[in-house]
Amino acid sequence: MIEEILSFIAFGPDGLAPAIAQQHDTGEVLMMAWMNRQAITETLATGRVCYWSRSRNRLWRKGETSGQTQMLKELRIDCDGDAILLLVDQSGVACHTGRRSCFYRAVRDGRVMEIAAPVISPETLYG
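Okay, so the sequence shown: first residue is 241 according to the working numbering, each after it adds one.
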């Protein structure tokens with residue numbers, strides 16, 4: 241069953257596919273990260289979202305250090321199979337900056353502006 245699901249995903253040459261996390265009940269876009277076959281397999285098996293961390297070069301179980309977890313409600317694959325949409329239930333904030341969403345900057349009137357303040361300090365999240 242997992243292999244059939246994975247066959248619909250066109251992983252890049254690095255074995256990764258981009259994944260957008262969206263809050264399932266509000267539609268809020270939370271973050272973008274990368275997933276490989278192992279991350280998707282674990283996510284589908286456990287229901288807790290797992291990504292591939294390019295900086296750590298290992299699996300990254302969302303919330304493993306901050307406690308801000310994502311539980312999978314639905315995994316969607318786009319028409320070309322080269323992007324993943326994760327409908328999740330986010331516990332707390334999604335961004336390592338302490339904001340609810342990683343998309344807290346907007347271009348308005350030709351300027352980049354912060355449109356969301358931190359909800360919690362990174363020091364509180366990560367110690």
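For every residue, glycine included, the Cβ atom is placed at its ideal position computed from N, Cα and C.
Own chain, CB closer than 6 Å to residue i, minus 5 neighbours either side, in chain order
i	result
T283	V289, C290 and L312
V352	R345
T281	I242
A356	R339 and Y344
Given residue i as reference, the closest of the options once Cα atoms are compared
i	options	result
G380	I280, R316 and V328	For the chain, the structure presents residues 241 to 367; residue 380 sits outside this window and is missing.
A323	N276, E243 and Q263	N276
W274	F248, S306 and N297	N297
L270	R340, E304, A356 and G367	R340
G303	R348, C319 and C335	C335
C319	E243, I249 and I242	I249
I260	I355, A356, C342 and E354	C342
G287	R348, L315 and M272	L315
Same chain only: Cβ atoms within 7 Å of residue i, ignoring 5 sequence neighbours per side
i	result
G338	P358, V359, I360, S361, P362 and L365
D254	none
A279	C290, Y291, W292 and L299
Euclidean distance between Cα positions of residue i and residue j
i	j	result
I245	Q310	20 Å
S331	A285	19 Å
E243	L326	18 Å
G367	T305	9 Å
L256	G321	12 Å
Q308	H264	16 Å
E354	M241	43 Å
F251	P258	9 Å
V347	I317	28 Å
R301	M272	14 Å
Buried versus exposed call for residue i [16 or more other C-beta atoms within 10 Å across all chains shown]
i	result
R294	exposed
S247	exposed
V333	buried
Neighbour flag for residue i against chain C, beta carbons, 8 Å
i	result
I242	Of the chains in the structure shown, none is chain C; there is only one protein chain.
Cβ shell of residue i (< 8 Å), same chain only, five flanking positions each side left out
i	result
Q262	E268, V269, L270, L325, L326, L327 and V328
In chain order, each beta strand (DSSP E) run of at least 3 residues that lies wholly inside the region 247-315: 257-263, 269-275, 290-293 and 298-301, all fully within the region 247-315.
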